[in-house]
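Residue numbers (the working numbering), protein chains in the order written: chain A, 4 to 213; chain B, 7 to 452.
These notes concern the structure reproduced below.
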């Protein structure tokens, strides 16, 4: 008799379902050098002129695949956001997204803001990282009111706490949910479901189909 | 408390006061109770199971008599974890997941996702012309079918039943075209990274032309029913006001933004899939209200038809051209054909890989089971969906599966405007305001 494990009895690299637990690599893109190309030099110049602490606040600038990403120190996020809105006319924050890099020590959780300037027809991206042990970040609801639900979603999915948010509660998951599902250490699996008295175990705990 | 049990409005005592569960019919006990209360403030839970909230949307309303003083939205009832699931599937399999987000606009989800994957792969310019034209044609057909639901259910929710019948009749015609081309009526996973799954069947363009002609004629029925209709105007004009400043700070896009007079349409402003090669107009109104958004949707139908006609012309010229990138390391290896039992691998292709070439078989197996690798990095691509800016944020770690997929759903962002549109208005106007946002809960909750 052999021992069985996993949903389809798959172990090692044959797993495509994810239930066996995947090992992921860490990656990082290098900083970009001037000239950045496109309108990105103009954005960087304008920001430097309008914001004297530019060199201190911007950790690095990444230009990749025709998109500009400004990595910002978390304590400076609010200042930079206000300058970008008022001086550089990025009047809309279209969305906030998160990412979890468990191997990136003290920078595990990232919040990513996608900004749009309808006036200038430009897009840029802000990225801020916080350590998992202290996942606090300034809320930008006062700058762009539309960040409200986006930040709630990022809190719900990643556990980043947005300080100053008017009502930071879970939005997609139930209020009493444990854990933050989009983190990499949160396994794809599920909870057992009760239906008409019978209990169905989550997929990762079901018997092997072999 | 009333002394008899009201079958439609049972009540229980809580620390917050008496809570009624009303289900329909005459709410005698509720009316008596509210009439006797000292204050007029009532908190009403509307939904999540309510025929007028456009799906499983829950609205928590604070009322002073008939006036709404506060609206809060409860969402998440349709959360299915699609974004998490895609991290455990190959990049191509992701299409099958994301098409199920906003189920009224599946082709927009697929195209936005595939444009993102193509940007990460650096093959945006290698996608064949014919694939781009097919994508545009399918998206515009989808815009019509989506607007048909928006207009039909929007009218239904405000009490106009006939438009719904007409709109769903028109939608069926579009879904028939989808079925003919992709084999499925919705959630078709037709657009794939690098192109589309399968070329058009032989008589597809004739069918599309016939449908366009048919639709143009029958759209007039709806216009005659609602445009300028006095009752319809009374329910929609001046309702759900949201101006440009409100839209900008709340991140509102799509018909709601264009109803403020702002001609912001990504098809014109930041063209993708070759939209710069088509003649069409961006429809705007300047009334900032429900009626303006209704008119925008009505008039966008004609613009979509114009684009579809131009697509048909282009496709006739591109007959026989490829619909998938030439790079065999990315292009989905199977040659699909529509057989009697649905869409599947064509017999010639199976004969070729099974009988003539071991390398073809290995290649097919590797690409289908493991998938292609995507260089590390992140991208954000946006398309103009029927509801506004549908953005896809993709992160790759260089592997065969996405590291992170995030959809910036227009329904999700636009639904935030509910409070701004409804507070201070009458209860009945909430229905119109929410219908004019046209949220699709599958997209909101993902």
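Glycine included, each C-beta is placed from N, C-alpha and C at the ideal position.
At a CB-CB cut-off below 7 Å, which residues of chain A make contact with residue i?
{"i": "residue 275 of chain B", "result": "124"}
{"i": "residue 90 of chain B", "result": "184, 185 and 191"}
{"i": "residue 451 of chain B", "result": "175"}
{"i": "residue 401 of chain B", "result": "102"}
{"i": "residue 256 of chain B", "result": "148 and 149"}
{"i": "residue 87 of chain B", "result": "184"}
{"i": "residue 270 of chain B", "result": "121"}
{"i": "residue 422 of chain B", "result": "149, 151 and 152"}
{"i": "residue 297 of chain B", "result": "Near residue 297 of chain B there are no residues of chain A at all, since even the closest Cβ is about 24 Å away, more than 7 Å."}
{"i": "residue 109 of chain B", "result": "Under the 7 Å cutoff, chain A gives no residues; its nearest Cβ is about 17 Å from residue 109 of chain B."}
Apart from the five residues on each side of it in sequence, which residues of its chain come closer than 6 Å, Cβ to Cβ, to residue i?
{"i": "residue 144 of chain B", "result": "113"}
{"i": "residue 436 of chain B", "result": "428"}
{"i": "residue 217 of chain B", "result": "179 and 183"}
{"i": "residue 273 of chain B", "result": "281 and 390"}
{"i": "residue 298 of chain B", "result": "265 and 291"}
{"i": "residue 204 of chain B", "result": "342"}
{"i": "residue 19 of chain B", "result": "none"}
Cutting at 8 Å between CB atoms, please list the residues of its own chain near residue i, excluding the five before and the five after it.
{"i": "residue 93 of chain A", "result": "87, 118, 119, 120, 125 and 127"}
{"i": "residue 404 of chain B", "result": "379, 380, 381 and 382"}
{"i": "residue 85 of chain B", "result": "451 and 452"}
{"i": "residue 140 of chain A", "result": "77, 80, 114, 131, 133, 163, 164, 165 and 166"}
{"i": "residue 302 of chain B", "result": "261, 264, 265, 289, 290 and 291"}
{"i": "residue 351 of chain B", "result": "340, 341, 342 and 343"}
{"i": "residue 336 of chain B", "result": "127, 129, 199, 200 and 378"}
For residue i and residue j, which I take to be in contact (beta-carbon distance under 8 Å), what is that distance rounded to the nearest angstrom?
{"i": "residue 64 of chain A", "j": "residue 34 of chain A", "result": "6 Å"}
{"i": "residue 199 of chain B", "j": "residue 79 of chain B", "result": "That belief does not hold up - the Cβ atoms of residue 199 of chain B and residue 79 of chain B are roughly 34 Å apart, past 8 Å."}
{"i": "residue 139 of chain B", "j": "residue 320 of chain B", "result": "5 Å"}
{"i": "residue 423 of chain B", "j": "residue 245 of chain B", "result": "13 Å between Cβ atoms; not a contact."}
{"i": "residue 154 of chain A", "j": "residue 144 of chain A", "result": "7 Å"}
{"i": "residue 407 of chain B", "j": "residue 70 of chain B", "result": "Wrong, their Cβ atoms sit about 53 Å apart, outside the cutoff."}
Use the C-beta contact count for residue i: other C-beta atoms within 10 angstroms, 16 or more gives buried, fewer gives exposed.
{"i": "residue 292 of chain B", "result": "exposed"}
{"i": "residue 23 of chain A", "result": "Below a pLDDT of 50, predicted positions are generally treated as unreliable, and residue 23 of chain A, at 48, falls in that range; the measurement from the model is reported next regardless. Flag for residue 23 of chain A reads buried."}
{"i": "residue 55 of chain B", "result": "exposed"}
{"i": "residue 223 of chain B", "result": "exposed"}
{"i": "residue 445 of chain B", "result": "buried"}
{"i": "residue 8 of chain A", "result": "Low per-residue confidence applies at residue 8 of chain A: pLDDT is 47, beneath 50, and the placement is therefore not dependable enough to give any value."}
{"i": "residue 270 of chain B", "result": "buried"}
{"i": "residue 384 of chain B", "result": "buried"}
{"i": "residue 364 of chain B", "result": "exposed"}
{"i": "residue 148 of chain B", "result": "buried"}
{"i": "residue 238 of chain B", "result": "buried"}
{"i": "residue 2 of chain A", "result": "The requested residue 2 of chain A is not part of the displayed model; chain A covers only 4 to 213."}
{"i": "residue 122 of chain A", "result": "exposed"}
{"i": "residue 170 of chain B", "result": "buried"}
{"i": "residue 4 of chain A", "result": "Low confidence applies to residue 4 of chain A: its pLDDT is 44, below 50, so where it sits in the model is not reliable enough to give any reading."}
{"i": "residue 106 of chain A", "result": "exposed"}
Who are the neighbours of residue i on chain A, taking C-beta pairs under 9 Å?
{"i": "residue 81 of chain B", "result": "152, 174 and 175"}
{"i": "residue 125 of chain B", "result": "68, 69 and 70"}
For residue i, collect the residues of the same chain with a Cβ closer than 7 Å to its Cβ; drop the 5 residues on either side in sequence, then sort them by chain order.
{"i": "residue 21 of chain A", "result": "Note that residue 21 of chain A scores a pLDDT of 49, beneath 50, so its modelled location is shaky and nothing firm can be said."}
{"i": "residue 51 of chain A", "result": "57"}
{"i": "residue 161 of chain A", "result": "101, 103, 112, 183, 185 and 186"}
{"i": "residue 296 of chain B", "result": "242, 245, 246, 438, 439 and 442"}
{"i": "residue 180 of chain A", "result": "173"}
{"i": "residue 17 of chain A", "result": "The predicted model places residue 17 of chain A with a pLDDT of 48, which falls under 50 and marks its position as unreliable, so this point remains unresolved."}
{"i": "residue 311 of chain B", "result": "218, 221 and 222"}
At 9 Å on the CB atoms, spell out the chain B contacts of residue i, in chain order.
{"i": "residue 168 of chain A", "result": "The contacting residues do not exist; residue 168 of chain A stays about 14 Å from chain B at best."}
Counting only Cβ pairs nearer than 7 Å, list the residues of chain B close to residue i.
{"i": "residue 83 of chain A", "result": "Under the 7 Å cutoff, chain B gives no residues; its nearest Cβ is about 18 Å from residue 83 of chain A."}
{"i": "residue 128 of chain A", "result": "386"}
{"i": "residue 94 of chain A", "result": "254"}
In chain B, which residues lie with their C-beta within 8 Å of the C-beta of residue i?
{"i": "residue 117 of chain A", "result": "386, 397, 399 and 414"}
{"i": "residue 98 of chain A", "result": "257, 397, 399, 412, 414 and 419"}
Compute every distance between the C-beta of residue i and the non-hydrogen atoms of the ligand ADP, then say whether any falls below 6 Å.
{"i": "residue 60 of chain A", "result": "For the structure depicted, the ligand ADP is absent and the ligand set is empty, with no information on it obtainable."}
Strictly below 8 Å CB to CB, what residues from chain A border residue i?
{"i": "residue 281 of chain B", "result": "In chain order: nothing, as chain A lies at least about 15 Å away."}
Taking only beta-carbon positions, decide if residue i is within less than 7 Å of chain D.
{"i": "residue 94 of chain B", "result": "Judged by its chain identifiers, the structure shown contains no chain D, and its protein chains are A and B."}
Next on the checklist: Going residue by residue through the region 330–393 of chain B, where are the continuous beta strand (DSSP E) segments of at least 3 residues, counting only ones entirely within it?
Outcome noted: 342–345, 348–351 and 383–391
Item to check | Every unbroken beta strand (DSSP E) inside the region 115–168 of chain A [3 residues or more] | outcome: 125–133, 139–141 and 164–166
Checklist entry - For the region 95–123 of chain B, which segments carrying the alpha helix (DSSP H) assignment without a break, of at least 4 residues, lie completely within its bounds, in sequence order? => result 99–104
Checklist entry - Unbroken alpha helix (DSSP H) runs of length 4 or more, entirely within the region 247–309 of chain B: which are they? => result 250–256, 261–264 and 272–275
Checklist entry - What residue ranges within the region 16–88 of chain B form continuous alpha helix (DSSP H) runs of no fewer than 4 residues, ordered along the chain? => result 34–42
Item to check | In chain order, each alpha helix (DSSP H) run of at least 4 residues that lies wholly inside the region 160–219 of chain B | outcome: 168–188
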